[in-house]
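Residue numbers (our numbering), protein chains in the order written: chain A, 479 to 889; chain B, 6 to 105.
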């Protein structure tokens with residue numbers, strides 16, 4: 479018998495804090511928007527930076543780290559090097575995120591401390607993943623994407639650490655240049671490459687897709703990785719051409735990645751449009767719109783477009799991709815832990831029975847309306863519209879948190 | 006000792022919790038045979054190599070056949086050729102998954 483993914487599923491109590499905290503941070507991030515002045519938004523506004531860190535660290539990274547505890551053995555086909563390390567990752571990420579956000583809002587002196595705590599949690603994560611990858615005998619394309627993305631995260635952490643020390647005045651460094659490298663390494667290098675790699679495992683698995691070509695993944699991965707290298711180099715060499723070539727390459731790579739997702743979607747056997755599928759449709763629509771807006775920004779250099787791109791990428795693309803997958807991952811983990819031992823002995827629920835239809839639908843509708851309204855508000859610099867969008871998002875986030883608790887407590 | 010149909014019937018009690026259909030109607034069971042000594046062999050596949058439940062599903066298939074009287078040993082051969090696709094599933098499964 480040819481063995482594949484091993485039975486190294488981590489205990490649910492290890493992973494559940496990541497999802498509970500992640501969904502709470504999603505709610506906090508939505509509430510936070512009420513405290514941002516929508517009439518004068520800029521990319522370096524401390525209120526905007528506070529939101530970005532609250533959302534990306536508290537929600538996106540928290541959920542990705544938790545999901546990777548489950549997905550790494552599935553993707554790498556080996557057990558974790560030290561899965562217990564995940565017990566240390568979430569408390570550190572929680573404390574670090576709270577310190578950083580407080581630093582951005584009120585007490586800048588806390589920023590380096592928060593930054594260092596976040597970086598320690600990420601370093602533990604990266605080292606655990608590297609040591610797990612070292613057990614793999616032969617890397618395939620998906621495994622390589624895990625290695626590439628975590629290598630970028632490793633360098634993103636190093637740059638972040640240098641930034642934190644510069645903030646604290648311990649060393650002298652150009653924070654603006656480091657910031658671009660840090661942001662690009664973590665967002666484009668880690669989050670985007672991770673999403674690309676995992677997509678060809680998760681999307682076909684849930685959609686029962688077969689017969690699509692893997693070539694676009696290869697091209698998109700190489701393109702995105704080269705883009706990260708170019709932008710990071712431009713941060714240190716002060717060569718604007720490298721920077722813009724990097725951005726252009728990233729847009730092309732993401733379009734190629736979208737073509738791959740489309741081909742997986744077209745070859746799927748499961749045609750029902752459940753909460754997972756509609757979340758993904760909104761997510762990838764946000765990606766395409768933000769890429770088109772990226773081209774518009776190249777032409778106009780109108781700053782609100784850049785902010786709207788960030789909003790659609792983070793909350794539209796990453797956000798809905800993550801919430802959609804949570805409706806698949808949590809039921810599986812709960813089912814695996816609670817119901818799989820009962821198979822053959824008594825009637826057990828199907829995974830679909832564990833997803834709350836009303837609150838998941840409410841989450842989708844309100845969050846989709848909120849994301850769309852806030853995007854328009856950013857482009858128009860309209861504070862009232864921003865608050866209206868935030869209201870929708872908060873209702874959606876409450877429904878999302880309720881869905882997560884429902885699935886976790888399903889008996 | 007048991008025909009292929011009898012073995013398939015026993016295996017049809019195993020349901021994939023993700024899609025809600027049994028493995029036989031999904032077309033995941035390629036072959037099953039049993040000799041006079043009660044030694045059974047099941048050849049099957051999964052819908053994806055990344056299936057996190059694969060070891061559990063293989064175990065369930067094994068247990069479903071072991072429940073038959075006189076079965077001494079069950080070997081499950083998990084294969085990837087031919088690769089599974091939806092055309093291998095029963096018509097009602099295709100219809101249900103296709104939303105038709």
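Backbone N, C-alpha and C define an ideal beta-carbon position, used for all residues, glycine too. Just so you know, these numbers come straight off a predicted model, no measurement behind them.
7 Å or more divides the Cβ of residue 837 of chain A from the Cβ of residue 801 of chain A.
The DSSP-derived three-state label of residue 17 of chain B is coil.
When DSSP states are grouped into helix, strand and coil, residue 847 of chain A belongs to the helix group. Residues of chain B with a Cβ closer than 8 Å to the Cβ of residue 813 of chain A are, in chain order, 22. Chain A has a Cβ within less than 7 Å of the Cβ of residue 90 of chain B. Counting other Cβ atoms within 10 Å of its Cβ, residue 691 of chain A stays below 16 and is therefore classed as exposed.
Between the stretch 508–520 of chain A and the stretch 858–868 of chain A, the count of C-beta pairs closer than 8 Å reaches three or more; the two stretches touch. Under DSSP, the beta-bridge partners assigned to residue 746 of chain A are A:687. In the three-state reduction of the DSSP assignment, residue 7 of chain B falls in the coil class, being assigned neither a helical nor a strand state. Taking a cut-off of 8 Å on C-beta distances, the stretch 688–708 of chain A does not touch the stretch 636–646 of chain A, as fewer than three cross pairs fall below it.
In the structure shown, residue 629 of chain A adopts helical secondary structure according to DSSP, grouped into three states. Neighbours of residue 822 of chain A in chain B, taken as residues at a C-beta separation under 9 Å, are given in chain order as 18, 19, 65, 68, 69, 72. With a cutoff of 7 Å on beta-carbon distance, residue 853 of chain A and residue 790 of chain A are scored as near each other. A Cβ-Cβ separation of about 6 Å places residue 878 of chain A in contact with residue 501 of chain A under the 8 Å criterion. Per DSSP, reduced to three states, the secondary structure at residue 35 of chain B is strand. With respect to the 7 Å criterion, residue 603 of chain A and residue 567 of chain A are classified as neighbours on the basis of their beta carbons. Following the DSSP letters along the chain, one finds residue 72 of chain B in no alpha helix (DSSP H), marked with neither H nor E. In this structure, the straight-line span from the alpha carbon of residue 80 of chain B to that of residue 560 of chain A is close to 33 Å. At least 7 Å separates the beta-carbon of residue 10 of chain B from that of residue 44 of chain B. Residue state for residue 861 of chain A is assigned as helix, using DSSP reduced to three classes. Cβ-Cβ distances below 8 Å link residue 660 of chain A to 634, 637, 638, 641 in the same chain, with the five nearest sequence neighbours on each side left out; the list follows chain order.
Beta-bridge analysis with DSSP links residue 44 of chain B to B:78. In the structure shown, residue 554 of chain A adopts helical secondary structure according to DSSP, grouped into three states.
With contacts defined by Cβ atoms closer than 7 Å, residue 544 of chain A and residue 512 of chain A do not form a contacting pair. Burial state of residue 835 of chain A is exposed, judged by a 10 Å Cβ sphere holding fewer than 16 other Cβ atoms. Residue pairing from DSSP places residue 83 of chain B in a beta bridge opposite B:49. Residue 674 of chain A and residue 735 of chain A have their C-alpha atoms spaced approximately 7 Å apart.
Beta-bridge partners of residue 27 of chain B (DSSP): B:20. Think of a sphere of 9 Å around the beta carbon of residue 103 of chain B: the chain A residues whose beta carbon falls inside it are 747, 748, 749, 750, in chain order. Counting other Cβ atoms within 10 Å of its Cβ, residue 27 of chain B reaches 16 or more and is therefore classed as buried.
Residue environment for residue 575 of chain A: buried (at least 16 other C-beta atoms within 10 angstroms of its C-beta). Neighbours of residue 682 of chain A in chain B, taken as residues at a C-beta separation under 7 Å, are given in chain order as 53. A Cβ-Cβ distance of about 7 Å is found for the pair residue 571 of chain A and residue 535 of chain A, placing them in contact under the 8 Å criterion. Taking a C-beta cut-off of 9 Å against chain A, the contacting residues of the stretch 35–61 of chain B are 51, 52, 53, 54, 55, 56, 57, 58, 59, 60, 61, listed in chain order. Assignment of residue 55 of chain B by DSSP, reduced to helix, strand and coil, places it in the coil class.
Taking 7 Å as the cut-off, the beta carbon of residue 689 of chain A is found no closer than this to the beta carbon of residue 746 of chain A.
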